[in-house]
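Trainee: Chains as they are written, first to last, in our numbering: chain A, 26 to 136; chain B, 42 to 157. Note that CB positions come from ideal geometry on N, CA and C, so glycine has one too.
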Amino acid sequence: KAGVTQTPRYLIKTRGQQVTLSCSPISGHRSVSWYQQTPGQGLQFLFEYFSETQRNKGNFPGRFSGRQFSNSRSEMNVSTLELGDSALYLCASSWVGETQYFGPGTRLLVL
Amino acid sequence: QKEVEQNSGPLSVPEGAIASLNCTYSDRGSQSFFWYRQYSGKSPELIMSIYSNGDKEDGRFTAQLNKASQYVSLLIRDSQPSDSATYLCAVNMKVDRGSTLGRLYFGRGTQLTVWP
């Protein structure tokens with residue numbers, strides 16, 4: 026089975042721009058969770074989608090949003106980028122939300 | 042407040058030794074526990090899951106769970122330099138009391154270095 030894929034792998038943006046990241050879960054998995062990882066804050070939960078519905082949400086501002094499509098692929102969007110948004114964004118897929126398998130991540134640099 | 046606490050480390054052990062990684066969690070009702078390994082610059086990789094009290098062994102790795110003490114640990118026997126990584130403990134906890142909805146909560150990780 027193919028693993029979780031994330032695109033793009035690397036991204037450089039400037040402050041004020043917006044960005045969309047994509048995640049394709051393992052075939053058959055219905056849950057996709059997104060995390061932000063920075064050296065200072067560790068792994069921070071953004072949100073979880075299950076069957077196209079946002080099921081859980083972390084403590085991030087409204088600039089961070091996401092969605093899930095009928096094929097379980099998910100996207101997350103960050104609008105009005107700030108320098109502090111520079112991080113590794115990780116997507117994790119699971120069948121129903123427990124055992125999670127991570128993708129390789131998208132490394133975002135905001136200049 | 043949902044919390045998963047790990048020894049911040051860093052933990053340094055010689056090759057061949059046993060490395061012991063510890064984790065405590067705040068929700069007594071938690072049922073699912075996971076250990077992930079993350080190499081520098083890479084994404085977390087699942088290495089163990091445990092659901093019942095006691096020990097679970099997988100090769101050189103042993104996960105230990107004590108729900109009464111709200112404690113889960115990972116032992117790595119015959120540690121190798123390739124085991125040098127950050128180890129993340131994750132616990133599935135209910136989002137709110139009375140809710141059936143849960144999600145994984147991660148500790149901040151323990152950095153392990155195995156020196157030859």
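What are the partner residues of B/L62, as DSSP defines its beta bridges?
Mentor: As a working note, residue 62 of chain B is residue 21 in the second sequence. Its beta-bridge partners are B/L115.
Trainee: Can you say whether A/L108 is buried or exposed, counting buried as having 16 or more other CB atoms within 10 angstroms of its CB?
Mentor: Sequence index remark: in the first sequence, residue 108 of chain A carries index 83 (1-based). Exposed: under 16 other Cβ atoms inside 10 Å.
Trainee: In three-state DSSP terms, what is B/S123?
Mentor: Position 82 of the second sequence, counted from the first residue, corresponds to residue 123 of chain B. In the structure shown, B/S123 sits in a helix (DSSP, three-state: H, G or I).
Trainee: Applying the criterion that 16 or more other CB atoms from any shown protein chain within 10 Å of the CB defines a buried residue, is A/Q79 buried or exposed?
Mentor: Position 54 of the first sequence, counting from 1, holds the residue named residue 79 of chain A. Label assigned to A/Q79: exposed.
Trainee: If you draw a straight line from the C-alpha of B/P55 to the C-alpha of B/P157, how long is it?
Mentor: Translated into positions along the second sequence, residue 55 of chain B becomes position 14. Translated into positions along the second sequence, residue 157 of chain B becomes position 116. When rounded, the distance between both Cα atoms is 6 Å.
Trainee: Curious, which full-length beta strand (DSSP E) runs of at least 3 residues does the stretch 56-110 of chain B contain?
Mentor: Taken in chain order, the unbroken stretches of beta strand (DSSP E) that lie wholly in the stretch 56-110 of chain B and span 3 residues or more are 60-66, 73-79, 86-91, 95-99 and 102-107.
Trainee: Could you spell out where the beta strand (DSSP E) holding A/A117 opens and where it closes?
Mentor: Residue numbering aside, residue 117 of chain A sits at position 92 when the first sequence is read from its first letter. Its beta strand (DSSP E) spans residues A112 to S119.
Trainee: Let me know the beta strand (DSSP E) ranges lying completely inside the stretch 37-78 of chain A, each 3 residues or longer, listed in chain order.
Mentor: 44-49, 56-63 and 67-75
Trainee: For the stretch 29-51 of chain A, enumerate the residues whose C-beta is nearer than 7 Å to any C-beta of chain D, in chain order.
Mentor: In summary, chain D is missing from the structure at hand, where the protein chains are A and B.
Trainee: Is A/L138 close to chain B? Criterion is C-beta to C-beta, closer than 9 Å.
Mentor: Beyond the ends of chain A as shown, which are 26 and 136, falls residue 138 of chain A; an answer cannot be given.
Trainee: List, in chain order, every chain A residue whose beta-carbon is nearer than 9 Å to that of B/G150.
Mentor: Taking the first residue of the second sequence as position 1, residue 150 of chain B is located at position 109. Simply G67 and L68.
Trainee: When the cut-off is 9 Å and only beta carbons count, does B/E136 lie next to chain A?
Mentor: The sequence position of residue 136 of chain B within the second sequence is 95, counting from 1. As written in the sequence, residue 136 of chain B is Val, which differs from the Glu given in the question. Answer yes: the Cβ-Cβ gap between B/V136 and chain A drops below 9 Å somewhere.
Trainee: Note down, in chain order, all residues in the stretch 120-132 of chain A with a beta-carbon under 8 Å from any beta-carbon belonging to chain B.
Mentor: G122, E123, T124, Q125, Y126, F127, G128, P129 and G130
Trainee: Quick one: give me the first and last residue of the beta strand (DSSP E) that A/T30 is part of.
Mentor: The sequence position of residue 30 of chain A within the first sequence is 5, counting from 1. T30 to T32 is the span of the beta strand (DSSP E), which, as asked, contains A/T30.
Trainee: Please confirm if A/T74 has its CB atom under 9 Å from at least one CB of chain B.
Mentor: For the purposes of this step, residue 74 of chain A is taken as residue 49 along the first sequence, with counting starting at 1. Checking the displayed sequence, the identity of residue 74 of chain A turns out to be Tyr instead of Thr. It does not; no Cβ of chain B falls within 9 Å.
Trainee: Who are the neighbours of B/L87 on chain A, taking C-beta pairs under 9 Å?
Mentor: Taking the second sequence and counting its residues from 1, the one referred to as residue 87 of chain B is at position 46. Within 9 Å Cβ-Cβ: T124, Q125, Y126 and F127.
Trainee: Please report the straight-line C-alpha distance between A/G128 and B/G95, rounded to a whole angstrom.
Mentor: Working through the first sequence from its first residue, we reach residue 128 of chain A at position 103. Working through the second sequence from its first residue, we reach residue 95 of chain B at position 54. Computed Cα separation, rounded: 30 Å.
Trainee: Give the secondary structure of A/L108 by DSSP, where H, G and I count as helix, E and B as strand, and everything else as coil.
Mentor: Numbered from 1 along the first sequence, position 83 holds the residue referred to as residue 108 of chain A. Note: A/L108 maps to helix in three-state DSSP.
Trainee: Rounding to the nearest angstrom, what Cα-Cα distance links A/S119 and A/S56 in this structure?
Mentor: Within the first sequence, the letter at position 94 stands for residue 119 of chain A. Within the first sequence, the letter at position 31 stands for residue 56 of chain A. Looking at the two C-alpha atoms, the distance is approximately 5 Å.
Trainee: State the Cα-Cα distance for the pair B/G100 and B/R149, rounded to the nearest angstrom.
Mentor: Taking the second sequence and counting its residues from 1, the one referred to as residue 100 of chain B is at position 59. Taking the second sequence and counting its residues from 1, the one referred to as residue 149 of chain B is at position 108. So the two alpha carbons sit approximately 25 Å from each other.
Trainee: Note down, in chain order, each residue of its chain lying with its Cβ closer than 8 Å to the Cβ of A/L121, except the 5 sequence neighbours on either side.
Mentor: Locating residue 121 of chain A in the first sequence gives position 96, where the first residue counts as 1. Just to set this straight, residue 121 of chain A is Val in the shown sequence, not Leu. Once the five neighbours on either side are set aside, the close Cβ partners of A/V121 are R55, S56 and F75.
Trainee: Using the Cα positions of A/L113 and A/P33, report the straight-line distance between them to the nearest angstrom.
Mentor: Taking the first residue of the first sequence as 1, we reach residue 113 of chain A at position 88. Taking the first residue of the first sequence as 1, we reach residue 33 of chain A at position 8. Each residue's Cα considered, the two are about 12 Å apart.
Trainee: For B/S34, which of B/A104, B/E46, B/L62 and B/Q47 has the nearest alpha-carbon?
Mentor: There is simply no residue 34 of chain B to check, as chain B begins at 42 and stops at 157 in what is shown.
Trainee: For A/G91, which of A/S111, A/C116, A/G67 and A/V29 has the nearest alpha-carbon?
Mentor: Your numbering for residue 91 of chain A matches position 66 in the first sequence. Out of A/S111, A/C116, A/G67 and A/V29, A/C116 has the C-alpha closest to the C-alpha of A/G91.
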